[in-house]
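Data first, discussion second: the structure below is written as structure tokens.
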Amino acid sequence: MNEVVTLTGLSNRQFLEAYARPGRVGLSGGTTLIDKAIARAERHLDNEGRWSLWSHSFLFQGRRPDGHHWVIESDLQINRKHIRLGVQENRISKYFDERLYTTLAVLDFGLGEEQVVTLVREGLELVANRARYSLRELVGTLIALRHPELRGQGNVLAREKSLY
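The numbers in numbering that gives the first Met the number 0 rise by one with no breaks, and the one at position 1 of the sequence shown is 0.
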């Protein structure tokens with residue numbers, strides 16, 4: 000059985016600095032409209048229809064020479080005259096704001112060093128190749144959330160070289 004450890008009394012920064020390690024997976028839940036929409040959509044996975052605590056996941060890369068922990072994630076980044084929808088790298092400091100990110104988790108799958116290196120390498124390959132965030136596949140996921148018989152199958156709207 001997996002061990003669940005609930006911690007209180009730590010800031011997001013303290014929590015992530017203490018538990019972020021290369022190859023671990025982070026989960027977040029937040030207060031933005033998109034976070035709430037995802038959490039609400041995931042209620043179909045709960046027998047009692049409860050909204051999910053989680054709306055986003057990311058892979059910890061580890062600390063770089065700049066002293067910061069970095070993550071690989073599929074994200075929407077909007078800058079002036081430029082929208083990037085897909086796999087990208089961000090510092091974990093993005094998740095330090097408790098007003099935006101109200102729930103955090105770190106999953107440790109006990110991976111060996113070689114597995115961690117492979118996982119991070121493949122994640123960086125997705126970043127380098129600018130894998131796109133697939134809105135089409137997201138719609139396919141929403142369909143599967145509403146129709147349990149589709150959950151064990153491949154995404155009905157899957158695309159090559161996309162990630163969501």
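Each residue gets a CB set at the ideal place from its N, CA and C atoms; glycine is no exception.
Environment of residue i [buried if 16+ CB atoms lie within 10 Å]
i, result
"E72", "buried"
"G151", "exposed"
"L206", "The shown model of the chain, from 0 to 163, leaves out residue 206, and the question about it has no answer."
"G122", "buried"
"F108", "exposed"
"H68", "buried"
"D34", "buried"
"H55", "buried"
"A19", "buried"
"V115", "buried"
"A168", "The displayed coordinates of the chain run from 0 to 163. Any statement about residue 168 would go beyond what the structure contains."
Expected contact under 8 Å - CB spacing of residue i and residue j to nearest Å
i, j, result
"W53", "S27", "7 Å"
"L106", "V24", "4 Å"
"E97", "N11", "5 Å"
Short Cβ contact (7 Å threshold) for residue i with residue j
i, j, result
"A110", "G22", "What sits at residue 110 in the sequence shown is Leu, not Ala. It is a contact, given that the beta carbons lie within the stated cut-off."
"D74", "Q87", "yes"
"R39", "W50", "yes"
"N89", "V119", "no"
"E136", "A157", "yes"
Simplified DSSP assignment, three categories, for residue i
i, result
"R62", "strand"
"L84", "strand"
"D34", "helix"
"H68", "strand"
"S92", "helix"
Query raised in the report: Can you list, in chain order, the stretches of the alpha helix (DSSP H) that have 4 or more residues and sit fully within the stretch 101-129?
Result: 112-127
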